[in-house]
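Throughout the sequence shown, residue numbering follows the working numbering, covering 142 to 349 in sequence. Using N, Cα and C, we set each Cβ at its ideal position, and we do this for glycine too. Notes follow the structure.
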Amino acid sequence: MAVYVRHVLSTDGPKILKNSLKSSLIIPVRFSRDSRKVKRLPKRFIENVPVKPKLESLSSKGFLRNITPFTPPKDASQKLNKWFLDVVGTNDPDYAVNLQQKFQLLSALSSEFSYTVPNSLLHRMITLGHIQEYYLTPIENVTPYDELKEMELPPNLHILYDYHRFHPDTDTMFGGVSAFPKSSTIVSGLKEKEKYKGYDAGNPFWDI
142 MAVYVRHVLS TDGPKILKNS LKSSLIIPVR FSRDSRKVKR LPKRFIENVP
192 VKPKLESLSS KGFLRNITPF TPPKDASQKL NKWFLDVVGT NDPDYAVNLQ
242 QKFQLLSALS SEFSYTVPNS LLHRMITLGH IQEYYLTPIE NVTPYDELKE
292 MELPPNLHIL YDYHRFHPDT DTMFGGVSAF PKSSTIVSGL KEKEKYKGYD
342 AGNPFWDI
């Protein structure tokens with residue numbers, strides 16, 4: 142039996158090896174790291190990029206998307222009906238607008254209310270009722286946590302808005318020793334980093 146297996150390996154071994162190499166063909170790929178081929182932006186372009194609007198956007202973002210707040214005016218319904226009659230010729234909420242009417246109507250309403258329908262909601266503006274509902278809905282960009290400040294909470298609920306974070310350099314009551322020696326205080330938010338200071342607790346057993 143051993144002689145037969147040795148004979149098969151000696152005769153068909155090269156064929157088996159050749160077929161296995163064909164089925165598992167490896168193609169080497171080279172990556173160029175030549176920095177001279179990378180196109181960089183000119184310095185004058187980088188200096189002219191407006192930074193302040195980006196910072197204002199980050200400051201009000203929180204964990205929500207950056208949305209523009211909108212409060213419908215008191216005469217919003219009258220203004221909508223006026224533009225419906227001027228552009229479409231009717232103010233029927235079930236009237237379906239075509240693409241040209243939608244473009245003319247939304248462009249006029251964007252200038253009237255200084256509030257634009259985003260691209261993600263254009264496909265939902267099918268009838269005049271959809272457009273009317275959009276411009277009559279107030280939009281706020283505050284978080285639910287901030288809304289609790291203006292609400293009357295029940296007596297058994299208390300929320301700390303300006304909460305305290307432990308730091309060994311400032312909390313010296315017990316010599317800067319924390320009740321949770323292995324728990325680090327990590328501040329990940331850009332806005333919170335300016336208000337709260339974090340620290341790395343490390344492992345207290347390494348100092349022994």
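Check: Between Q241 and V283, what straight-line distance do the alpha-carbon atoms span, to the nearest angstrom?; Outcome: 35 Å
Check: Would you verify that the beta carbon of Y256 is, or is not, closer than 9 Å to some beta carbon of chain B?; Outcome: Annotation note: the requested chain B is absent from the structure, which comprises a single protein chain.
Check: Going by beta-carbon coordinates alone, are L262 and Y276 separated by less than 9 Å?; Outcome: no
Check: Terminal residues of the continuous alpha helix (DSSP H) containing L250?; Outcome: 240–254
Check: Relative to the C-alpha of P234, which candidate in F244, Q245, N222 has its C-alpha closest?; Outcome: N222
Check: Report the CB separation of I290 from M266 in whole angstroms; it is logged as a contact under 8 Å.; Outcome: The sequence as given places Lys at residue 290; Ile does not occur at that position. With a Cβ gap of about 34 Å, K290 and M266 do not count as contacting.
Check: Kindly confirm or deny that the region 326–345 and the region 295–311 touch, where touching means at least three C-beta pairs closer than 8 Å.; Outcome: yes
Check: What is the DSSP secondary structure of F225, reduced to helix, strand or coil?; Outcome: helix
Check: Need the endpoints of the alpha helix (DSSP H) that P296 sits in, please.; Outcome: Taken as a continuous stretch (DSSP letters only), P296 belongs to no alpha helix (DSSP H), as it is neither H nor E.
Check: In whole angstroms, what separates the C-alpha of L150 from that of G343?; Outcome: Residue placement at L150 cannot be trusted, given a pLDDT of 47 that sits under 50; what the coordinates show is reported in the next sentence. When rounded, the distance between both Cα atoms is 59 Å.
Check: From the DSSP output, which residues share a beta bridge with F211?; Outcome: I280
Check: Could you check where the alpha helix (DSSP H) with P285 kicks off and where it finishes?; Outcome: 285–288
Check: In this structure, how does DSSP classify A237 when only helix, strand and coil are distinguished?; Outcome: strand
Check: Here's the rule I'm using: 16 or more other beta-carbon atoms within 10 Å means buried, otherwise exposed. How should I272 be labelled?; Outcome: buried
Check: Sort Q245, L269, T257, G316 by Cα distance to Y236 and report the nearest one.; Outcome: L269
Check: Under DSSP, the alpha helix (DSSP H) around L331 begins and ends at which residues?; Outcome: 331–334
Check: I280 and T231: beta carbons closer than 9 Å?; Outcome: no
Check: Verify whether the separation of the beta carbon atoms of Y256 and F211 is less than 9 Å.; Outcome: yes
Check: Does S325 come out as helix, strand or coil in the three-state DSSP assignment?; Outcome: coil
Check: Looking only at DSSP bridge pairs, what is T268 linked to?; Outcome: A237
Check: Whose CA, out of Y302, G316, P322, P214, lies closest to the CA of E333?; Outcome: Y302
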